[in-house]
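Comments concern the structure below.
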Amino acid sequence: MLNIENLTLQLPYYKHWWRREWTTCIDNLSLSIQPGEVHAVIGASGAGKSLLAYTIMGLLPEAAKTSGQLFFKDAPLTTERQRQLRGRQLALIPQSLNALDPLASSQRQVSWAARRAGQSKTVAWRSAQRALNHYQLNHHAQQAYPHQLSGGMARRVLAAMAQIGNASLIIADEPSVGLDPQQRDRVLASLKALALEGKAIMLITHDLRHALPIADHVTILRQGKCIEATPAIAFQGNGEQLKSTYACALWNALPDNTFSTQVRAKESATHADAIDPPKEPTIA
Amino acid sequence: MALDVRLIKILASRLVRLALVLLCVAMVTFGLVMLSPIDPVDAYLGPQMAQVSPEQRALIAERWDFDASPAVQFGHWLSQLLSGELGWSHIYNQSVSEVINQRFQRSFILLGSAWLMSLLVGFALGVIAGAKEGSPLDRMISGYAYVTASTPAFWLGMLAVLLFSVYLGWTPTCCAGPVGVLNQDVSMLTRLHHLVLPMTTLALLGIATITLHTRARMIALMNSEIALHAFAQGASRSDIAWRHGLRHASLPALTLAFASLGELFGGSILIEQVFAYPGLGQATVEAGLRSDVPLLLGIALFTALFVSVGNLIADSLYPLIDPRMAQEQL
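Below you can see the structure in the form of structure tokens.
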């Protein structure tokens, strides 16, 4: 459904007052997502995960420079096509709850999303209600304003907004951050359910442990580079099937896995912008 | 039930605050008049001053209790005020409340129409300009706003009279109706004809500030995560400006519109002078120049009441727009 080939993204910054320099945020990245699968993109802060989402959606600032190719449903994903497909074929669940308008009720905002996906006014209002009901938000929550909702409820409103246009690719940017375990599992399960309906889901997260149960494929990013692209099944045992030491260290750093190397491996995983590559974990 | 009680409490506390503000204004204005070089006896006598002997003057001063301490005099005035008696204006030979009532009716049309126009036009221009920062339309609108924001009101008024009344002859040069015609005989259309130039001049000044503030809020919104999320849903810029922008930008616009009532009032004093429009602003200037103390005090109090009520209205409108404020209040 989505194919990314050799994508490189550079953003400008100003060194001193006038000298413009380019920093490479995504470096020669290739990945592909099939319908019906959840593709987890894992990386620490600053690894370029959210920028990848914005690149696919076509929401980068004008100054950004990209090269490489994007294909969506076997046709090149141009700027023009991104504009036509946003909200209809491509949907984004944003990372921040600040993306909700504090001055409009949940149902109104979901119905706006439906209007933007091309539904008529009356249809949009009713489908907003249906979508919110689907995410177990009752009448009271539907009429509530974002500040009256809990974090989990607000996340579900965002999810409802993303799926209302029946998009075939849904990019979820850190959808489970800041949620308690029960809420998190609920959000992730709803993403898996969307994939089982035949949609392609890109799950952007730093939380490998909870992404693995629903993911089919995993791509690990580090400083804009893809350092591991593998079926989720490879994360088992002591990570013998993983190609990169970084992925292996990340896997072994999880509390469920080998404990002896936890501290060292975890440290290098969370501080991915440290200069040294992660050390080979010594397997006990 | 509980909601009613709370509502009454809020209303009561606001009314008490309003009364306190008015009391303070009364004290300060009274004090300023006491300190001013105005001699009420001279002002009362006017040109007949020369024909009155010092003994007669002393008699008037005694009759009016000018020997009493300022506090006692203030007490007298305040008790009269509380019984609804604002005093007698000697320059118009009418009671102060009548003068204010008559003059305010005319000023109200001028102020009200200028205020509404500056709010509506200023808001619309601000939304249009802020929706696409840096576009040619934005540059035109903000350029215009910066120029008018830095233009003094009286100067703009004088230019307008010169251009439209004297040179082009489109509008009358003065007054609220033709000279020599009784007020009640003036037709609605003629009134509007006389109103249009002072109103536009007054509105132009209000438009600039409201436009600039609305534009700033719109630009902030257009760069926010709310807008990014809307773009991700396939919204266009105008869609975002319409659905999100209007709500977000109306808060600063309303705040400014109501907070600028005092400024508008001050502007109207200048504008009414330039256009010789017989409203409350002109009466204020007359009262000051011809030492009409009761009228001056009355107008000061009335203006304070007018501006405070405006701010009160703005305060009660916020929760209707921003639900987060409604919760804090209840």
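Same order as they appear, the protein sequences are chains A and B.
Heads up: the first sequence at position 97 corresponds to 97 in this note's numbering, and the numbers run straight through without jumps.
In this note's numbering, each number is its position in the second sequence, counted from 1, plus 1000.
Glycine residues also receive a C-beta, built at the ideal position from the N, C-alpha and C atoms.
Just so it is clear, the structure is predicted and the values come from calculations on it, not from any experiment.
Please classify residue i as buried or exposed, where buried requires at least 16 other C-beta atoms within 10 Å of its C-beta.
{"i": "N6 (chain A)", "result": "exposed"}
{"i": "Y1167 (chain B)", "result": "exposed"}
{"i": "W1077 (chain B)", "result": "buried"}
{"i": "T1284 (chain B)", "result": "buried"}
{"i": "A1058 (chain B)", "result": "exposed"}
{"i": "Y246 (chain A)", "result": "buried"}
{"i": "F1030 (chain B)", "result": "buried"}
{"i": "Q1080 (chain B)", "result": "exposed"}
{"i": "Q1282 (chain B)", "result": "buried"}
{"i": "T270 (chain A)", "result": "For T270 (chain A), the predicted model reports a pLDDT of 47, less than 50, meaning its position is unreliable; a value from the coordinates is still stated below. When all chains shown are included, T270 (chain A) counts as exposed."}
{"i": "K199 (chain A)", "result": "buried"}
{"i": "V1028 (chain B)", "result": "exposed"}
{"i": "A139 (chain A)", "result": "Contrary to the premise, residue 139 (chain A) reads as His rather than Ala in this sequence. H139 (chain A) should be labelled exposed."}
{"i": "R1103 (chain B)", "result": "buried"}
{"i": "E80 (chain A)", "result": "exposed"}
{"i": "C1024 (chain B)", "result": "exposed"}
{"i": "M1049 (chain B)", "result": "exposed"}
{"i": "M1222 (chain B)", "result": "buried"}
{"i": "D101 (chain A)", "result": "buried"}
{"i": "A40 (chain A)", "result": "buried"}
{"i": "Q182 (chain A)", "result": "exposed"}
{"i": "A1071 (chain B)", "result": "exposed"}
{"i": "Q34 (chain A)", "result": "exposed"}
So who's on the other strand from residue i, going by DSSP bridges?
{"i": "F71 (chain A)", "result": "A:N3, A:P76"}
{"i": "T23 (chain A)", "result": "A:L11"}
{"i": "I93 (chain A)", "result": "A:A172"}
{"i": "M202 (chain A)", "result": "A:H39, A:I171"}
{"i": "H210 (chain A)", "result": "H210 (chain A) is not bridged to any residue."}
{"i": "K225 (chain A)", "result": "A:D27, A:R222"}
{"i": "R1014 (chain B)", "result": "Its beta-bridge partners do not exist; DSSP assigns none."}
{"i": "T230 (chain A)", "result": "A:V218"}
{"i": "T1094 (chain B)", "result": "Correcting the residue identity first, residue 1094 (chain B) is Gln in this sequence and not Thr. DSSP output for Q1094 (chain B) lists B:S1089 as bridge partner(s)."}
{"i": "K65 (chain A)", "result": "A:Q10"}
Quick one: grab the DSSP three-state call for residue i.
{"i": "L60 (chain A)", "result": "coil"}
{"i": "A44 (chain A)", "result": "coil"}
{"i": "T1200 (chain B)", "result": "helix"}
{"i": "K1132 (chain B)", "result": "coil"}
{"i": "K49 (chain A)", "result": "helix"}
{"i": "V263 (chain A)", "result": "Interpretation of V263 (chain A) is limited by its pLDDT of 44, a score under 50 that renders its predicted location unreliable; the figure taken from the coordinates is listed afterwards. The answer is helix: DSSP assigns V263 (chain A) an H, G or I state."}
{"i": "R86 (chain A)", "result": "strand"}
{"i": "I33 (chain A)", "result": "strand"}
{"i": "W1077 (chain B)", "result": "helix"}
{"i": "P255 (chain A)", "result": "coil"}
{"i": "Y1277 (chain B)", "result": "coil"}
{"i": "W125 (chain A)", "result": "helix"}
{"i": "Y135 (chain A)", "result": "coil"}
{"i": "E240 (chain A)", "result": "coil"}
{"i": "F1066 (chain B)", "result": "coil"}
{"i": "L103 (chain A)", "result": "coil"}
{"i": "Q1184 (chain B)", "result": "helix"}
Closest to residue i by CA distance: which of the options is it?
{"i": "E1098 (chain B)", "options": "B:I1109, B:L1110, B:Q1073, B:E1085", "result": "B:E1085"}
{"i": "W1242 (chain B)", "options": "B:L1296, B:A1124, B:N1223, B:V1309", "result": "B:A1124"}
{"i": "I93 (chain A)", "options": "A:I233, A:Q236, A:I204", "result": "A:I204"}
{"i": "Y13 (chain A)", "options": "A:Q34, A:A64, A:S190, A:V38", "result": "A:A64"}
{"i": "I164 (chain A)", "options": "A:H16, A:A91, A:S45, A:A47", "result": "A:A91"}
{"i": "V1309 (chain B)", "options": "B:D1004, B:A1019, B:K1009, B:I1271", "result": "B:A1019"}
{"i": "D185 (chain A)", "options": "A:R81, A:A99, A:P213", "result": "A:P213"}
{"i": "V218 (chain A)", "options": "A:L194, A:E80, A:C248", "result": "A:C248"}
{"i": "I42 (chain A)", "options": "A:Q136, A:G36, A:G237, A:L51", "result": "A:L51"}
{"i": "R1106 (chain B)", "options": "B:P1252, B:G1177, B:M1222, B:I1313", "result": "B:G1177"}
{"i": "L1022 (chain B)", "options": "B:I1313, B:A1314, B:I1321, B:L1297", "result": "B:L1297"}
{"i": "F72 (chain A)", "options": "A:Q236, A:P61, A:I56", "result": "A:I56"}
{"i": "K192 (chain A)", "options": "A:L77, A:I171, A:D180", "result": "A:I171"}
{"i": "E1263 (chain B)", "options": "B:A1153, B:I1100, B:Q1073", "result": "B:A1153"}
{"i": "A159 (chain A)", "options": "A:L132, A:W18, A:R222", "result": "A:L132"}
{"i": "G1122 (chain B)", "options": "B:Y1146, B:D1185, B:Q1073", "result": "B:Y1146"}
{"i": "Q109 (chain A)", "options": "B:L1251, B:D1239, B:K1132, B:A1149", "result": "B:D1239"}
Is residue i a contact residue of the ligand MN, with contact defined as CB to any heavy atom under 6 Å?
{"i": "T1211 (chain B)", "result": "For the ligand MN, the structure offers nothing, since it holds no ligand at all."}
What in chain C is Cβ-close to residue i, meaning under 9 Å?
{"i": "P94 (chain A)", "result": "Given the protein chain composition of this structure (A and B), no chain C is represented."}
Three Cβ pairs or more, each shorter than 8 Å: is that satisfied between the stretch 28 to 38 of chain A and the stretch 6 to 20 of chain A?
yes
Using 8 Å as the cut-off, can you tell me whether the stretch 1194 to 1214 of chain B makes contact with the stretch 1096 to 1113 of chain B, which would need three or more C-beta pairs spanning the two stretches below that distance?
yes
Touching or not, the stretch 115 to 126 of chain A and the stretch 1225 to 1239 of chain B, by the rule of three or more beta carbon pairs under 8 Å?
yes
Can you confirm whether the stretch 1129 to 1148 of chain B touches the stretch 1207 to 1215 of chain B when touching is taken to mean that 3 or more C-beta pairs between the two stretches lie within less than 8 Å?
yes
Closer than 8 Å is the cut-off here; do at least three beta carbon pairs connect the stretch 159 to 174 of chain A with the stretch 76 to 92 of chain A?
yes
Touch test, the stretch 1242 to 1258 of chain B against the stretch 1150 to 1165 of chain B, Cβ-Cβ under 8 Å, three pairs minimum
no
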